[in-house]
Amino acid sequence: FLIISLTYFSPVLEGKRLNPYDLVNYQGMSKEIHDYEKKTGKEVLWTNSMFGGMPSYQISRPVYKNLVVPIHKVLNLFDKRPVSFLFLLLIGAFIALLLFEINPWLALIGAIAYAFSSYFFQIIEVGHASKTLALAYLPPIIASIYYSYNKNLAIGSVLLGIFLSLQIYVNHLQITYYTFITILIFLIFQLIDSIRTGKFRQFILRSLVLLIPVFLAIGSNLTLLWTTYEYSKYSMRGKSELAVNQENKTSGLDKDYALDWSYGIDETMTLLIPNFMGGSSHGALSEKSKTYELFQQAQGKQYARQVIKQLPVYWGDQTYTAGPVYVGAVILFLFIFGLFTLKGHVKWWLLTATILSILLAWGKHFMFFSSLFLDYFPGYNKFRTVSMTLVIAEFAIPFLGCIAINKLIQEQLDNKIILRSLKYTLYILGGLTLFFSLFAGVFDFTGPGDQPYLTQGSSVFIDALREDRKTLLRNDSLRSLIFVLLTAASLYVFYIKKIKLKVFLLLLGFLILADMWIVDKRYLNNDDFVTKKEAGTPFQPYQADLIINQDPDLYYRVFDLTTDPFRSSRASYFHKSIGGYHGAKMKRYQELIEYHLSKNNMDVINMLNTKYFIVSTDGAPEVRRNPNALGNSWFIKDYRIVENADGEIAALNDFDPGSEAIIDMRYQDMVEGFKYQEDSTAYINLISYDPNELTYDFNSVLSDQLTVFSDIFYDKGWNLYIDGKLSPHFRVNYVLRGAVIPKGHHKLDFKFEPRSYYAGNKITLASSAILILLALGAIGMEIRKKYLKTNTY
Numbered sequence: 004f005l006i007i008s009l010t011y012f013s014p015v016l017e018g019k020r021l022n023p024y025d026l027v028n029y030q031g032m033s034k035e036i037h038d039y040e041k042k043t044g045k046e047v048l049w050t051n052s053m054f055g056g057m058p059s060y061q062i063s064r065p066v067y068k069n070l071v072v073p074i075h076k077v078l079n080l081f082d083k084r085p086v087s088f089l090f091l092l093l094i095g096a097f098i099a100l101l102l103f104e105i106n107p108w109l110a111l112i113g114a115i116a117y118a119f120s121s122y123f124f125q126i127i128e129v130g131h132a133s134k135t136l137a138l139a140y141l142p143p144i145i146a147s148i149y150y151s152y153n154k155n156l157a158i159g160s161v162l163l164g165i166f167l168s169l170q171i172y173v174n175h176l177q178i179t180y181y182t183f184i185t186i187l188i189f190l191i192f193q194l195i196d197s198i199r200t201g202k203f204r205q206f207i208l209r210s211l212v213l214l215i216p217v218f219l220a221i222g223s224n225l226t227l228l229w230t231t232y233e234y235s236k237y238s239m240r241g242k243s244e245l246a247v248n249q250e251n252k253t254s255g256l257d258k259d260y261a262l263d264w265s266y267g268i269d270e271t272m273t274l275l276i277p278n279f280m281g282g283s284s285h286g287a288l289s290e291k292s293k294t295y296e297l298f299q300q301a302q303g304k305q306y307a308r309q310v311i312k313q314l315p316v317y318w319g320d321q322t323y324t325a326g327p328v329y330v331g332a333v334i335l336f337l338f339i340f341g342l343f344t345l346k347g348h349v350k351w352w353l354l355t356a357t358i359l360s361i362l363l364a365w366g367k368h369f370m371f372f373s374s375l376f377l378d379y380f381p382g383y384n385k386f387r388t389v390s391m392t393l394v395i396a397e398f399a400i401p402f403l404g405c406i407a408i409n410k411l412i413q414e415q416l417d418n419k420i421i422l423r424s425l426k427y428t429l430y431i432l433g434g435l436t437l438f439f440s441l442f443a444g445v446f447d448f449t450g451p452g453d454q455p456y457l458t459q460g461s462s463v464f465i466d467a468l469r470e471d472r473k474t475l476l477r478n479d480s481l482r483s484l485i486f487v488l489l490t491a492a493s494l495y496v497f498y499i500k501k502i503k504l505k506v507f508l509l510l511l512g513f514l515i516l517a518d519m520w521i522v523d524k525r526y527l528n529n530d531d532f533v534t535k536k537e538a539g540t541p542f543q544p545y546q547a548d549l550i551i552n553q554d555p556d557l558y559y560r561v562f563d564l565t566t567d568p569f570r571s572s573r574a575s576y577f578h579k580s581i582g583g584y585h586g587a588k589m590k591r592y593q594e595l596i597e598y599h600l601s602k603n604n605m606d607v608i609n610m611l612n613t614k615y616f617i618v619s620t621d622g623a624p625e626v627r628r629n630p631n632a633l634g635n636s637w638f639i640k641d642y643r644i645v646e647n648a649d650g651e652i653a654a655l656n657d658f659d660p661g662s663e664a665i666i667d668m669r670y671q672d673m674v675e676g677f678k679y680q681e682d683s684t685a686y687i688n689l690i691s692y693d694p695n696e697l698t699y700d701f702n703s704v705l706s707d708q709l710t711v712f713s714d715i716f717y718d719k720g721w722n723l724y725i726d727g728k729l730s731p732h733f734r735v736n737y738v739l740r741g742a743v744i745p746k747g748h749h750k751l752d753f754k755f756e757p758r759s760y761y762a763g764n765k766i767t768l769a770s771s772a773i774l775i776l777l778a779l780g781a782i783g784m785e786i787r788k789k790y791l792k793t794n795t796y
């Protein structure tokens, strides 16, 4: 596995690194966190570097006292990316297949089949690290459950606890959610089988025992889960308080947003034919392509060679895609073969899981089914990119195929069934691939993404591109047909005993690796690597950034308009920004973007203490000072009570943020009795800045002061102390903090103290310690059992 991983990612041996887009954005959004931790040694639980402020544990993981983590560090090769990603995918699948009692050499081949699914390489290429790691732990979690019910409960339950704890730790809860969906389907079929075989009592007892490692795995990550759950209600995953467009809303994400990346129904054919829909949104073509000929004739060979490196060859319905989900013609052949040959609940479980994942991946193209899950299936509406559900199929297909081949090599299949199954599988997959290689022209090869080019009058370009898309489909159909025929021939010659088992397995492994390796290299290859120096400097500063950073003020914000400010973390790398890049920003802040910031409402921009703009003038970034920025805090003369969130956000269209505050009626009691009184000596100044703590010097001799702070309101952690005494504060202006400060001279401290983090860490430590002790106990019991068996006369 290590040799395979190093060979695929050979540039790492030259000291090169991947520099994926999402990693670049991560470096931007986490810069303040890492810089402050390095400077002070303190944990940073909040950052003001983007969207006005948000919890840092949604960006960069702080210290979680999970004692199981060292196992992850070893299995993950101490994070030697990207080699460690592929290695862990291979190891995870291999362990899982062994738990299914697959022949070890076949398990090695099956691990390659799982790990080399094209989608995994695409997410590595774009930088989805936590998703990749979670997918590596998906197979052993599921296999541990299978092993617990069907073999050794003690070992299975301990392995379940360890691998589930590690999957939750790597923090991609959407993959963990899909893991549980797969397990739920398994439990349904396992229950039916236990009733049918008279083992219902055993099923109940084992289920109760398995709750122990599940609870311990959850407990060992309670810090992460508690803080995430708590924040999710305030994030884009939570339900909006706005009444607008309620038919599109769920208790989580809006339906349009959740279903934005839906896999096309016809696009499902990419499981068998990778370029069925053209491939990637920025794919490459050869110099034999029609598009190359077009640009060569128009602007010469050199220009044509550059153009064909990145072209919109994808013509499906998704907004953008890095590539297709291709599980492999070889492994898909084994899967279909298994459907014809296998019996029992395991087959029906894996088939059901595959079908469900495909139906869910269709998203908006199968709206009735998707709406049922979004509206009624707990937690499903918290996640977007429904095409990701295909990871369930990417697990089920190779595993069912390996189980079938394992039965074949153990001679547990009826000879007539084998021949009939081979024939039917060849007819189905061979027929499909042959049809599309001969009749690729049944499609028009025009997609939604072509419209901008057609609008600009580039129909000649689109015509050439359509011809190239047809060629891509025809060539890949023929390619898959060849692998289908070779797989069928290999199975047949092994069945008639013309080749030995070792030769058959070697041949099968070669076919799978050759099939997948070539396709994966289309999406992640040596060209994606850069030098260590290039990877270490994700953003180069503008002259404008250097000028702004000379400002001695402790704390202000920047609005960078040289790029899409809400889809880039460039500004966050150098400044505290009102923009940023994150998939789980606060719901209210997202609504503030939609209703006000995107429309350049200067009153809202000013109340966020936006002191500088970076604008592009004749292509050059320049600084613009905003003289109306309201600062870190200010006193309010009057306030307006509104009924609800709709009233709040609408009121921001017509108010003076320097003299008036908009307050939801639920906080009416907080300002009851307040009356503004002019006091020329009153002031409030920020005297100390820390991401977790803001300190102000306040003075007002004559009266109390209704004060607005230009920081984001989040009451699940931020506490206000006046002279060391905990004091109330509330939300104003839809997203900011406000408080009535009593007259006098005071020291004010806003401290971020999320109870979920500190209390959660204690439970995390205790749960992980118990889990480790149980693991050691189970290992000790197995050693003792084998010792007693060996020494029994």
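My numbering runs 3 ahead of the 1-based position in the sequence shown.
Virtual Cβ for every residue (Gly too), placed ideally from N, Cα, C.
Expressed to the nearest angstrom, what Euclidean distance is found between the alpha-carbon atoms of residue i and residue j?
i	j	result
Leu481	Thr428	17 angstroms
Tyr796	Gly95	Annotation note: pLDDT 45 at Tyr796 (below 50); position unreliable, no value reported.
Leu729	Phe166	42 angstroms
Pro451	Leu476	18 angstroms
Gly811	Thr392	Here the chain comprises residues numbered 4 to 796, so residue 811 is not present and cannot be evaluated.
Trp264	Asn647	32 angstroms
Pro731	Gln593	26 angstroms
Ile74	Lys42	29 angstroms
Asn656	Lys236	26 angstroms
Arg570	Tyr180	26 angstroms
Gln413	Gly326	37 angstroms
Ile551	Tyr559	10 angstroms
Ala114	Phe97	5 angstroms
Ser691	Val645	34 angstroms
Gly55	Val674	25 angstroms
Leu138	Glu17	28 angstroms
Leu516	Leu176	30 angstroms
Ile186	Thr449	39 angstroms
Tyr642	Ala664	5 angstroms
Ser133	Asp700	42 angstroms
Smallest Cα separation from residue i: which of the options?
i	options	result
Val161	Leu138, Val173, Arg209, Tyr117	Arg209
Tyr140	Phe398, Ile775, Phe616, Asp417	Phe398
Asn797	Phe442, Ala110, Phe542, Val328	The chain is shown only over 4 to 796; residue 797 falls outside these bounds and no answer can be derived.
Gly444	Thr684, Asn478, Leu136	Asn478
Tyr498	Ile551, Leu422, Gln553	Leu422
Leu511	Thr185, Ile112, Leu435, Val71	Ile112
Trp108	Leu274, Lys505, Pro624	Lys505
Ile215	Asn69, Ala778, Ile782	Ala778
Ser13	Gly622, Ile665, Phe532, Lys789	Phe532
Using DSSP bridges, identify the partner residues of residue i.
i	result
Ile733	Here residue 733 turns out to be Phe, not Ile, going by the sequence shown. Beta-bridge pairing links Phe733 to Gly741.
Asn688	Asp700
Tyr724	Leu729, Asp752
Met589	Ser238
Ala623	Thr620
Gln61	Per DSSP, none; premise fails for Gln61.
Asp667	Val645
How close, in whole Å, do the beta carbons of residue i and residue j come, if the pair is a contact with beta carbons under 8 angstroms?
i	j	result
Phe658	Gln708	Rounded, the Cβ-Cβ distance is 19 angstroms, inconsistent with contact.
Thr767	Tyr67	6 angstroms
Ser401	Ala116	Reading the sequence as shown, one finds Pro at residue 401 and not Ser. Confirmed, about 4 angstroms.
Could you give the first and the last residue of the continuous beta strand (DSSP E) run that contains residue i?
i	result
Tyr642	641-645
Val27	Segment 24-32 is the alpha helix (DSSP H) holding Val27; no beta strand (DSSP E) there.
Arg560	560-563
Ser292	It is not in any beta strand (DSSP E) - Ser292 carries neither H nor E in the DSSP assignment.
Leu709	708-715
Could you give the first and the last residue of the continuous alpha helix (DSSP H) run that contains residue i?
i	result
Ile672	Inspection of the sequence shows that residue 672 is occupied by Asp rather than by Ile. First-last of the alpha helix (DSSP H) with Asp672: 671-674.
Phe638	Note, Phe638: premise wrong, no alpha helix (DSSP H); beta strand (DSSP E) at 636-638.
Trp352	348-364
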